[in-house]
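Enquirer:
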Amino acid sequence: MRVRFLGTGTSHGVPVLGCACPVCTSTDPRDRRYRTSLLIRGDRDDAAGESILVDAGPEFRLQGLAAGLQRLDAVLITHAHADHVHGLDDVRPLTRGNPLAIWASEADVAELRLRFSYAFGSGQIGGGKPRLDLQVIPAGGIRIGRLDILPIPIMHGARLVYGYRIDRLAYLTDCSHIPPASMALLEGLDTLILDALRPREHPTHLSTEQAFALGRKLMPGRMFLTHLCHDQTHAQLEGLCTASALPFPVAPGYDGLEFEVQ
Ligand SMILES: [Zn+2]
Ligand SMILES: [Zn+2]
Ligand SMILES: [Zn+2]
Numbered sequence: 077m078r079v080r081f082l083g084t085g086t087s088h089g090v091p092v093l094g095c096a097c098p099v100c101t102s103t104d105p106r107d108r109r110y111r112t113s114l115l116i117r118g119d120r121d122d123a124a125g126e127s128i129l130v131d132a133g134p135e136f137r138l139q140g141l142a143a144g145l146q147r148l149d150a151v152l153i154t155h156a157h158a159d160h161v162h163g164l165d166d167v168r169p170l171t172r173g174n175p176l177a178i179w180a181s182e183a184d185v186a187e188l189r190l191r192f193s194y195a196f197g198s199g200q201i202g203g204g205k206p207r208l209d210l211q212v213i214p215a216g217g218i219r220i221g222r223l224d225i226l227p228i229p230i231m232h233g234a235r236l237v238y239g240y241r242i243d244r245l246a247y248l249t250d251c252s253h254i255p256p257a258s259m260a261l262l263e264g265l266d267t268l269i270l271d272a273l274r275p276r277e278h279p280t281h282l283s284t285e286q287a288f289a290l291g292r293k294l295m296p297g298r299m300f301l302t303h304l305c306h307d308q309t310h311a312q313l314e315g316l317c318t319a320s321a322l323p324f325p326v327a328p329g330y331d332g333l334e335f336e337v338q
């Protein structure tokens with residue numbers, strides 16, 4: 077399968093509105109970080125190929141246009157924080173044929189039904205509403221096309237949210253702790269994508285060092301960092317990755333980066 081980082085930025089995005097720091101004024105395009113989101117496409121490039129979105133943040137439409145997105149089979153929601161779901165209305169043109177399955181935890185399905193109440197009410201008729209088919213993802217996972225998808229319960233501060241394992245890829249954005257039972261679901265990974273907000277510790281996100289420490293325990297084939305704030309440039313983060321001396325390749329993600337997962 078092919079994976080594309082649609083966004084790698086923390087909740088306020090980078091550049092931060094009104095900020096003149098060196099990262100926010102950097103001319104390196106890799107320092108422009110839309111809100112965190114991922115696109116997973118199966119090996120077939122035709123209508124039978126899987127096309128799965130993880131989270132739909134405020135820049136979803138721009139991210140989809142940049143990726144040449146034509147269709148979606150499903151959206152996986154990690155949690156209903158604004159930076160992960162407030163672009164959900166923009167799936168509307170992709171729901172003209174059929175409703176789009178939106179998979180989330182039971183609590184987040186209830187939250188999304190409230191947040192997007194206009195989409196489920198009877199008041200507005202005539203194509204102005206996205207056709208969202210909200211579904212609670214079972215603990216044992218689902219299969220979409222040829223891809224096995226497993227929700228991974230992780231802690232985001234005091235809140236239980238989901239990461240996802242898709243075959244040998246694990247995507248854990250917005251994470252401050254991985255419970256032991258979930259660590260056991262993350263063995264044998266080709267690629268681990270992990271929250272690494274900033275070098276300093278934070279109550280609801282992993283720091284760069286904490287992400288490296290988890291990588292050392294999980295030993296994936298390689299690792300990418302995401303949900304990045306404006307404390308470090310991409311080049312500085314690359315320096316931290318080199319200094320980590322992890323026994324597998326590790327790199328910061330950046331918007332538009334694509335790679336294959338075996
Ligand atoms: Zn977030
Ligand atoms: Zn800044
Ligand atoms: Zn969050």
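Just so we're aligned: 328 in the numbering used here is position 252 of the sequence shown, and the numbers increase by one with no gaps anywhere.
The C-beta atom is built at its ideal place from N, Cα and C for all residues, glycine as well.
All values reported here derive from a predicted model rather than from experimental measurement.
Is it the case that the Cβ atoms of glycine 163 and phenylalanine 136 are separated by a distance below 8 Å?
Expert: Counting from one through the sequence shown, the residue named residue 163 turns up at place 87. Counting from one through the sequence shown, the residue named residue 136 turns up at place 60. Closer than 8 Å, so yes.
Enquirer: With respect to 7 Å, is the separation between the Cβ of aspartate 250 and the closest non-hydrogen atom of ligand 3 below this value?
Expert: Sequence index remark: in the sequence shown, residue 250 carries index 174 (1-based). Answer for aspartate 250: yes, Cβ within range of ligand 3.
Enquirer: For ligand 1, I want to know if threonine 112 counts as a neighbour, meaning its beta carbon is within less than 7 Å of at least one of the ligand's heavy atoms.
Expert: What you label residue 112 is simply residue 36 of the sequence shown in a count that begins at 1. Yes; taking the cut-off as 7 Å, the Cβ of threonine 112 has a heavy atom of ligand 1 nearer than that.
Enquirer: Give the straight-line distance between the Cα atoms of methionine 259 and cysteine 97, rounded to the nearest whole angstrom.
Expert: Mapped onto the sequence shown, residue 259 falls at position 183. Mapped onto the sequence shown, residue 97 falls at position 21. Their Cα atoms are separated by approximately 37 Å.
Enquirer: Classify glutamine 139 as buried or exposed, calling it buried when 16 or more other Cβ atoms lie within 10 Å of its own Cβ.
Expert: Position 63 of the sequence shown holds residue 139. Classification of glutamine 139: buried, given that the 10 Å Cβ count is 16 or more.
Enquirer: Where does the unbroken beta strand (DSSP E) through threonine 267 begin, and where does it stop?
Expert: As a working mapping, residue 267 is identified with position 191 in the sequence shown. Per DSSP, threonine 267 is one residue of the beta strand (DSSP E) stretching across 267-271.
Enquirer: Nearest to leucine 301 by CA position, among Arg191, Asp250 and Ala257, is which residue?
Expert: As a first step, residue 301 must be located in the sequence shown, where it is residue number 225. Residue Asp250 is the option with its Cα nearest to leucine 301.
Enquirer: What residues match up with phenylalanine 300 in a beta bridge as DSSP calls it?
Expert: Taking the first residue of the sequence shown as position 1, residue 300 is located at position 224. Within the DSSP bridge table, the entry for phenylalanine 300 names Ile269 and Ala327 as partners.
Enquirer: As a quick exercise: from Leu333, Pro229 and Val337, pick the residue whose alpha carbon is nearest that of arginine 109.
Expert: In the sequence shown, the residue the question calls residue 109 occupies position 33. Out of Leu333, Pro229 and Val337, Leu333 has the C-alpha closest to the C-alpha of arginine 109.
Enquirer: Could you round the C-beta distance between isoleucine 178 and leucine 188 to whole angstroms and report it? I think they count as a contact, below 8 Å.
Expert: The residue given as residue 178 occupies position 102 in the sequence shown. The residue given as residue 188 occupies position 112 in the sequence shown. Going by Cβ atoms, the distance from isoleucine 178 to leucine 188 rounds to 7 Å, so yes, they are a contact pair.
Enquirer: Which whole-angstrom value describes the C-beta separation of phenylalanine 288 and serine 320, a residue pair presumed to lie in contact below a C-beta threshold of 8 Å?
Expert: The residue given as residue 288 occupies position 212 in the sequence shown. The residue given as residue 320 occupies position 244 in the sequence shown. Rounded, the Cβ-Cβ distance is 5 Å, consistent with contact.
Enquirer: Can you tell me where the beta strand (DSSP E) holding glycine 83 begins and where it ends?
Expert: On the sequence shown, residue 83 is found 7 positions in, with the first residue counted as 1. Segment 78-83, the beta strand (DSSP E) holding glycine 83.
Enquirer: Among residues of its own chain, excluding the 5 on either side of aspartate 209, which ones have a beta-carbon nearer than 8 Å to its beta-carbon?
Expert: The sequence position of residue 209 within the sequence shown is 133, counting from 1. Pro175, Leu176, Ala177 and Ile178.
Enquirer: By how many angstroms is the C-alpha of arginine 298 removed from the C-alpha of histidine 310?
Expert: The residue you call residue 310 lines up with position 234 of the sequence shown. The residue you call residue 298 lines up with position 222 of the sequence shown. Spanning the two alpha carbons is a distance of roughly 18 Å.
Enquirer: Measure the alpha-carbon distance for valine 212 versus aspartate 184 and round it to whole angstroms.
Expert: Along the sequence shown, read from residue 1 onward, the residue named residue 212 stands at position 136. Along the sequence shown, read from residue 1 onward, the residue named residue 184 stands at position 108. Valine 212 and aspartate 184: Cα-Cα distance of roughly 9 Å.
Enquirer: Taking the beta carbon of tyrosine 194 as the centre, do at least 16 other beta carbons fall within 10 Å, making it buried, or is it exposed?
Expert: In the sequence shown, residue 194 corresponds to position 118, counting from 1. By the 10 Å Cβ count, tyrosine 194 comes out exposed.
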